[in-house]
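For the sequence shown, the working numbering begins at 13 and goes up steadily by one. Taking it in order: structure first as structure tokens, then the write-up.
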Amino acid sequence: MPRHMVTGAAGFIGSHVAQHLLARGDEVVGVDCVNDYYDVRLKEARLKRLEGRPGFRFERLDLSDRAKTAELFATSGCTRVIHLAAQAGVRYSLTNPHAYVDANLQAFMNVLEGCRHHGVEHLTYASSSSVYGLNTEMPFSVRDNVDHPLSLYAATKKANELMAHCYSHLYRLPTTGLRFFTVYGPWGRPDMAMFLFAKAILAGEPIQVFGHGAMRRDFTYIDDIVEGVVRTSDHTAEPDPAWSGAAPVPGRSTAPFRVYNIGNNTPVELLHLIDVIERELGKKAIRQLVPMQPGDVPATYADVADLVEDVGFKPSTPIEVGVARFLAWYRDFYRV
């Protein structure tokens, strides 16, 4: 079976992807610097679920360190890389921009070089729905131009796609970028809305509802994300023989390069999400309706046609099912 490098292995998506690969018998080299962007105890708890499992090895490493990353690739023996490590968060990028240059640009450069020089067969990496920025045509399609990001975080993710294309073109390195749409579920990130809402409602504290509750998000359950990531990693990117520079399609190329959306294809209004959480918890929220914050977009909605066509997968978990599973985990993990 292939040996995968999964970066961001202590993170939300990365830990789930590593679990999935190990369960089917693959070897996994997990990589993470375990920074303190949010509660390190949660990250360490995710790692405990992986450590000691047959086929798993963990490397505590900052991928922005060029020399150490080069050494990692030289010794890991990995044939596939799933790069999920990044500095996340739109709002955090407004006050801590340099963290995004280090983690999302420098580190990605080092990963590309590692893949190029050490025989990696396929690089699959995390992009984001935030790249759609000022786009208003719904649903968002990978065939649309995305040149107007609204945050530095979004700009770094667009830059990752451009950098990957260069390496696919110059060195024939197969790369696939995945634009994730608002991922949620057990073991999720504490800075995400669903986590914050659950914590506040259970504590009887008010919640801030941005965009006065009219914002819509294509909430995508973690199991669907993991299935899409693994299937895409298994489906090595190839050149598109029909691609033409006279009418270029952004998500494809004459190089072995692909970009896909992974979203539930079903936008949910923020107020409806809160209603679902309230019903599941049996407790009403104290709602504070506030304007949108800088960097936010009013709606996200994923067109997943290319993912279905090429990979044969479409996320499908209803918000009611996903929220129930998340809250069951949350109450168990935090003993509330």
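Virtual Cβ for every residue (Gly too), placed ideally from N, Cα, C.
Asked                                                                                                                                                          : Found
Could you give the DSSP three-state label for Ser328: helix, strand or coil?                                                                                   : coil
In the DSSP assignment, what residue or residues form a beta bridge with Ala311?                                                                               : Arg228
Expressed to the nearest angstrom, what Euclidean distance is found between the alpha-carbon atoms of Thr312 and Ala167?                                       : 17 Å
Which parts of the stretch 160-193 are runs of the beta strand (DSSP E), unbroken and 3 residues or longer, counting only runs that do not cross its ends?     : 187-192
For Phe345, count the other beta carbons within 10 Å of its own beta carbon; 16 or more makes it buried, fewer makes it exposed. Which is it?                  : exposed
Name the two residues that bound the continuous alpha helix (DSSP H) containing Met121.                                                                        : Ala119 to His129
Measuring straight from C-alpha to C-alpha, what distance separates Arg264 and Arg347?                                                                         : 47 Å
Under a three-way DSSP split, which group does His134 fall into?                                                                                               : strand
Among Ala215, Ala254, Phe231 and Val316, which residue has its Cα nearest to the Cα of Thr244?                                                                 : Val316
In whole angstroms, what separates the C-alpha of Ala254 from that of Leu124?                                                                                  : 26 Å
Do you know how far the Cα of Leu164 is from the Cα of Tyr144?                                                                                                 : 13 Å
If I follow the unbroken beta strand (DSSP E) through Met17, where does it start and stop?                                                                     : Arg15 to Thr19
Under a Cβ-count criterion, where at least 16 other Cβ atoms within 10 Å of its own Cβ denotes burial, should Val309 be classed as buried or exposed?          : buried
Comparing alpha-carbon positions, which option in Asp156, Ala340 and Cys127 lies nearest Ser141?                                                               : Asp156
Please classify Asp44 as buried or exposed, where buried requires at least 16 other C-beta atoms within 10 Å of its C-beta.                                    : buried
Reducing DSSP to helix, strand and coil, say where Glu250 ends up.                                                                                             : coil
Among Asp38, Val29 and Phe269, whose alpha-carbon lies nearest the alpha-carbon of Trp199?                                                                     : Val29
Of the residues Lys169, Trp341, Leu301 and Ala205, which one's Cα is nearest the Cα of Val271?                                                                 : Lys169
For the beta strand (DSSP E) containing Tyr104, list its first residue and its last residue.                                                                   : Here Tyr104 belongs to no beta strand (DSSP E); instead the alpha helix (DSSP H) covers Tyr104 to Thr107.
Using 8 Å as the threshold, is the C-beta distance between Pro327 and Ile274 below it?                                                                         : yes
Straight-line CA distance for Leu301 to Leu62?                                                                                                                 : 40 Å
Indicate the three-state DSSP secondary structure (helix, strand or coil) for Asp322 in the structure shown.                                                   : helix
Hey, how far is the Cα of His284 from the Cα of Leu54?                                                                                                         : 28 Å
Buried or exposed for Asn116, please, with buried defined as at least 16 other CB atoms from any protein chain shown within 10 angstroms of its CB.            : buried
Spell out a yes or no on whether the stretch 333-342 and the stretch 177-186 are touching, meaning 3 or more CB-CB pairs, one atom from each, closer than 8 Å. : no
Would you kindly work out how many angstroms separate the C-alpha atoms of Cys90 and Ala205, rounded to a whole number?                                        : 35 Å
Output the distance between the C-alpha atoms of Val323 and Asp246, rounded to the nearest integer angstrom.                                                   : 9 Å
To which residues of the same chain is Tyr183 closer than 7 Å at the C-beta, ignoring the five residues directly before and after it?                          : Arg128
So the candidates are Gln305, Ala98 and Gln118; which of them puts its Cα closest to the Cα of Gly223?                                                         : Gln305
Just checking, does the stretch 31-41 make contact with the stretch 103-112 on the three C-beta pairs under 8 Å criterion?                                     : no
So Leu190 packs on Ser139, CB below 8 Å; how close in whole Å?                                                                                                 : 6 Å
What does DSSP give as the partner residues of Ser139 in its beta bridges?                                                                                     : Arg191
Let me know if Val320 comes out buried or exposed under the rule of 16 or more other beta-carbons within 10 Å of its beta-carbon.                              : exposed
Compare the Cα-Cα distances from Asn277 to each of Leu214, Asp236, Phe24 and Pro109 and report the closest residue.                                            : Asp236
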